[in-house]
Amino acid sequence: MVNSKMLRSPRLAWLEGIRIAAAVLLLLYHAQLLFTGYAYTPQPTGLADNLRQLVTPVEGAADPGLLLRLLGIPAWFGFQFVDVFVLISGFSLVLSLKGKPLVVGSFLKRRALRILWPFWTVAWLSYPVLWAIGVATHSYIPSLWHTFAGATFPLLFDYSGELLLATSGPWWFVPLILSFALIFPFLWHLLQRWGATNLVLISTLLTVAYRALAVYKFDGHPTYVILDTPTDWHPFLIFLAKLSTFVLGMVVAQLYVQGKGPIFWKSERALLLGVPVYTLGFVCQFYRAGWVFVDLLLPIGLTLCCMVLFRAIAQPRPIATLLTWLGAHSYTYFLIHNFVVDRTIRLVVQDDLSLYYWLLPVMVLGTLILAVLADYASPLLQRLVGALLRDLDYVLTPTTVRHRRLWNPRMGDPVLYKGNVGWTVLKVEKLLDERAFFLCQISDGQRSLWVNEDDLEPAVTLSHAGEVSKNSAFF
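Residue numbers (the working numbering): 602 to 1076.
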């Protein structure tokens, strides 16, 4: 049974808080990677060795001290929020149905454009800026080929996002999230047909089996690991590697609209499950066998813990309103953040440690400002593109050959309007389009209308030369 109150409820403020927090943590993650020259990524060398690397100063780089190294540890694992985005995506797509039957065509069009329009807006507006910065500073400029690939995506669609990486590294995620939107109708059908338990079980088995193949047969590694393997990270870029996480988000959303499920758990219960699951997933990152299960565990534990945190933060209404507003810009924030981080660190910060810490808040806030501006520009850009396409269609559409006009309406002429008598022409205006036609103001004595000449007929009962009288035997 569907809870109609849940369907009508506004955005969950705490969920929007998780969205924007995830986007900010990804910014901090990429900033730290870039500034330190990718000094650390999880390696399959065990927990102890990885923890030792985290607290050891980076050789050849300025040492911020033990305290700042410890405070910087969460940023090294900001990549974990990518899978949180996948889980939230499955949850949000179910809620977007609002309890109505799924109409596949309209759903796919709506969801694809929800993903693509912000992307196109950021791409189309950023390429001229990137070119100008590159020319002014003699720094990196995406090639014309990569610019074309980004500006016309998904014309050159591929799961690896190789052609998008030359513009922005995190853009590899866009093909993945688009593919989930495309397979959602099929998964939704299976959810209704098989039930939640069966779909979660089958999707989990399929995901685990595929990830085992990706690790042991395809010789791949997760996206957050830098390791020399034959297939690099490519086996982990397709939706099969994260299918169970997306399906779990769908199932949780279905339970939510029924008024039950993890969303309604008390904080103690959520933490009782979330903390050990996250801890287990955290340890799995550092072992090759753990790569098979890590992305199944981390998003569950991390989302439950974040739910408890942001439900508490969102209690005051002003904070809830702020989180809802921030969450609405999280996707665009994600699309833009790497531009800000890359250009700021390469062109301004360089190797200055103190300047890096001073500019971190500036990068976080500056990205938000750019994201808000891009989101405001997106509807304007959509209208502009729509108008250009309509004008192009109008110009290129062949004009229908009109029949020769048999009469010209004149002021005072009695006319038939849609076969009804009693109408008189009050005024005639000649308009020019691809042809000349008349727009007539007519009246029946009580009201007046402006109509096209094609809607009128002369109300003349007398026979004219060459016409057959209505009293003729041929009528």
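Ideal Cβ positions, reconstructed from N, Cα and C, are used throughout, including at glycine.
Could you give the DSSP three-state label for Tyr932: helix, strand or coil?
Taking the first residue of the sequence shown as position 1, residue 932 is located at position 331. Of the three classes helix, strand and coil, the one that applies to Tyr932 here is helix, per DSSP.
Exposure of Gly850, with buried meaning 16 or more beta-carbon neighbours within 10 Å:
Residue numbering aside, residue 850 sits at position 249 when the sequence shown is read from its first letter. With 16 or more other Cβ atoms within 10 Å, it is buried.
If you draw a straight line from the C-alpha of Ser780 to the C-alpha of Ser693, how long is it?
The residue given as residue 780 occupies position 179 in the sequence shown. The residue given as residue 693 occupies position 92 in the sequence shown. C-alpha separation (whole angstroms): 15 Å.
By a C-beta neighbour count over all protein chains shown, 10 Å radius and 16 as the cutoff for buried, is Met1012 buried or exposed?
Looking up residue 1012 in the sequence shown gives position 411. The residue in question, Met1012, is exposed, as its Cβ has fewer than 16 Cβ neighbours within 10 Å.
Which class does Leu757 belong to by DSSP, given the choice of helix, strand or coil?
Numbered from 1 along the sequence shown, position 156 holds the residue referred to as residue 757. In the structure shown, Leu757 sits in coil (DSSP, three-state: anything other than H, G, I, E or B).
How big is the Cα-Cα spacing for Ala913 and Ser868?
Locating residue 913 in the sequence shown gives position 312, where the first residue counts as 1. Locating residue 868 in the sequence shown gives position 267, where the first residue counts as 1. The alpha-carbon atoms of Ala913 and Ser868 are separated by roughly 9 Å.
Please list, in chain order, all residues of the same chain as Thr832 whose beta carbon is under 7 Å from its beta carbon, the five residues on each side excluded.
Residue numbering aside, residue 832 sits at position 231 when the sequence shown is read from its first letter. These residues qualify, in order along the chain: Phe819, Asp820 and Gly821.
Using three-state DSSP, classify Thr1025 as helix, strand or coil.
Counted from its first residue, the sequence shown places residue 1025 at position 424. Thr1025 falls in the strand class under three-state DSSP.
Out of Pro823, Leu634, Pro776 and Phe754, which one is the CA nearest neighbour of Asn939?
Your numbering for residue 939 matches position 338 in the sequence shown. If we check each option's Cα against that of Asn939, Leu634 comes out closest.
Less than 8 Å separating the beta-carbons of Arg612 and Gly862?
Here residue 612 corresponds to residue number 11 of the sequence shown, with the count starting at 1. Here residue 862 corresponds to residue number 261 of the sequence shown, with the count starting at 1. Going by C-beta atoms, Arg612 is not nearer than 8 Å to Gly862.
Distance, Cα to Cα, Leu792 vs Ala752?
Your numbering for residue 792 matches position 191 in the sequence shown. Your numbering for residue 752 matches position 151 in the sequence shown. Between Leu792 and Ala752, the C-alpha separation is close to 36 Å.
Return the CA-CA distance between Ser804 and Phe887, expressed in angstroms with no decimal places.
Indexing the sequence shown from 1 puts residue 804 at position 203. Indexing the sequence shown from 1 puts residue 887 at position 286. Each residue's Cα considered, the two are about 24 Å apart.
Check whether the region 648-658 and the region 721-732 touch, using three or more Cβ-Cβ pairs below 8 Å as the test.
no
Collapsed DSSP secondary structure at Ser744 in the structure displayed
The residue you call residue 744 lines up with position 143 of the sequence shown. It is coil, neither helix nor strand.
Would you kindly check if the distance between the Cβ of Leu961 and the Cβ of Ala632 is under 8 Å?
Taking the first residue of the sequence shown as position 1, residue 632 is located at position 31. Taking the first residue of the sequence shown as position 1, residue 961 is located at position 360. Contact: yes.
Quick check: the Cα distance between Asn1009 and Phe720, rounded to an integer number of angstroms?
The residue you call residue 1009 lines up with position 408 of the sequence shown. The residue you call residue 720 lines up with position 119 of the sequence shown. Near 53 Å, if we compare the C-alpha coordinates of Phe720 and Asn1009.
Look at the Cβ atom of Leu628, then the Cβ atom of Met964, and state whether they are nearer than 8 Å.
In the sequence shown, counting from the first residue as 1, residue 628 sits at position 27. In the sequence shown, counting from the first residue as 1, residue 964 sits at position 363. Closer than 8 Å, so yes.
With Phe774 and Val683 assumed to form a contact (beta carbons below 8 Å), what rounded beta-carbon distance in angstroms separates them?
As a working mapping, residue 774 is identified with position 173 in the sequence shown. As a working mapping, residue 683 is identified with position 82 in the sequence shown. Phe774 to Val683, Cβ: 6 Å. Contact.
Out of Ala871, Tyr934, Phe883 and Thr922, point me to the one whose CA is closest to Leu905's CA.
As a first step, residue 905 is located in the sequence shown; it is residue number 304 there, counting from the start. Checked all of Ala871, Tyr934, Phe883 and Thr922; the closest Cα to Leu905 is Ala871.
Out of curiosity, what's the CA-to-CA distance linking Lys606 and Gly691?
What you label residue 606 is simply residue 5 of the sequence shown in a count that begins at 1. What you label residue 691 is simply residue 90 of the sequence shown in a count that begins at 1. Bear in mind that a pLDDT of 49 at Lys606, under 50, signals an unreliable position, so the number given afterwards is only what the model happens to contain. For Lys606 and Gly691, the distance between alpha carbons rounds to 20 Å.
Cβ-based burial, His790 [other Cβ within 10 Å; buried from 16]
Residue 790 sits at position 189 when you count from the first residue of the sequence shown. Classification of His790: exposed, given that the 10 Å Cβ count is below 16.
Would Thr722 be called buried (16 or more neighbouring beta carbons within 10 Å of its own) or exposed?
For this step, residue 722 is matched to residue 121 along the sequence shown. Label assigned to Thr722: buried.
Among Leu969, Leu956 and Val909, nearest to Ile937 - alpha-carbon criterion
Within the sequence shown, residue 937 is the residue found at index 336, counting from 1. For the residues Leu969, Leu956 and Val909, the minimum Cα distance to Ile937 belongs to Leu969.
State the beta-bridge partners of Cys1041 as determined by DSSP.
As a working note, residue 1041 is residue 440 in the sequence shown. Partner(s): Val1029 and Val1052.
Which one or two residues does DSSP pair with Val1016 in a beta bridge?
The residue given as residue 1016 occupies position 415 in the sequence shown. Paired residue(s): Trp1024 and Pro1059.
Residue environment, Glu1035, which counts as buried when at least 16 other CB atoms sit within 10 Å:
Here the question's residue 1035 lines up with position 434 in the sequence shown. The predicted position of Glu1035 is uncertain, since its pLDDT is 49 and thus under 50; no value can be drawn from it.
Simplified DSSP state of Arg711, which is helix, strand or coil:
For the purposes of this step, residue 711 is taken as residue 110 along the sequence shown, with counting starting at 1. The answer is helix: DSSP assigns Arg711 an H, G or I state.
Name the residue from Val878, Ser740 and Val1022 whose alpha carbon lies nearest to the alpha carbon of Val1056.
Position 455 of the sequence shown, counting from 1, holds the residue named residue 1056. One detail in the question is off: residue 1056 reads as Asp in this sequence, not Val. Of the candidates Val878, Ser740 and Val1022, the one whose C-alpha sits nearest the C-alpha of Asp1056 is Val1022.
Counting beta carbon pairs with one atom in the region 702-713 and one in the region 920-927, are three or more of them shorter than 8 Å?
no
Beta-carbon within less than 7 Å of Ser979's beta-carbon, same chain only, minus the 5 sequence neighbours each way: which residues are those?
Position 378 of the sequence shown holds residue 979. If we look at Ser979 and ignore the five residues flanking it on each side, its Cβ neighbours are Trp718, Pro719 and Thr722.
If contacts are defined as beta-carbon pairs under 8 Å, then Gly673 and Tyr630 qualify, I think. What distance do you get, rounded to the angstrom?
In the sequence shown, the residue the question calls residue 673 occupies position 72. In the sequence shown, the residue the question calls residue 630 occupies position 29. Between Tyr630 and Gly673 the Cβ distance is about 10 Å, and since that is not below 8 Å, they are no contact.
For Leu841 and Thr798, believed in contact at Cβ under 8 Å, the rounded distance:
Counting from 1 along the sequence shown, the entry for residue 798 is found at position 197. Counting from 1 along the sequence shown, the entry for residue 841 is found at position 240. At roughly 21 Å, the Cβ-Cβ gap does not stay under 8 Å, so Thr798 and Leu841 are not in contact.
Closest Cα partner of Val1081 within the set Trp795, Val895, Phe785 and Leu756:
With the chain running from 602 to 1076 in the structure shown, residue 1081 is simply not present.
Decide yes or no for the touch test of the region 949-960 against the region 643-650: beta carbon pairs closer than 8 Å, at least 3 of them.
no
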